[in-house]
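Colleague: Numbering that gives the first Met the number 0 applies: residue 0 is where the sequence shown begins, and numbers increase by one.
Backbone N, C-alpha and C define an ideal beta-carbon position, used for all residues, glycine too.
Submitted below is the structure of interest, expressed as structure tokens.
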Amino acid sequence: MAQAQLILYSRPACTLCEHLEDQLHEHFAGRFQLDWRDVDRDPEARSLHAQRIPVLTTSAGEEICVGTFDAQSVARALERLEGPVGPV
């Protein structure tokens, strides 16, 4: 099964962003690959999310968490992205 691709929109020295990433790894280690987007360096990321970081999205842009970590939202998103588990 391929790992889910998630994107974390952040900026350097963002304590909330670091906390969200820590919680994500603590609760869902091994189930995703994480790509960081620095809203200070990436113009597209800045136009989308600069005023409300951290923002966690799927690679398709579906927002999962905004501002704080939400384990239930992440679990639901990972279930959708991973597809059915076990025999079909």
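Relative to the C-alpha of Arg-79, which candidate in Glu-43, Pro-53, Phe-31, Leu-47 has its C-alpha closest?
Modeller: The shortest C-alpha separation from Arg-79 is found at Phe-31.
Colleague: What whole-angstrom Cβ distance do Pro-42 and Ser-9 have, given they're in contact under 8 Å?
Modeller: The pair is not a contact, with the Cβ atoms about 15 Å apart (cut-off 8 Å).
Colleague: Who are the near neighbours of Arg-45 in its chain, counting only those whose CB is closer than 6 Å to its CB and skipping five residues on each side?
Modeller: So the list reads Val-38, once near-sequence residues are dropped.
Colleague: CB-CB under 6 Å to Leu-15, same chain, minus the five flanking residues each way: which ones, in chain order?
Modeller: Correct list, in chain order: Pro-53.
Colleague: Report buried or exposed for Thr-67, applying the criterion of at least 16 other Cβ atoms within 10 angstroms of its Cβ.
Modeller: That one is exposed.
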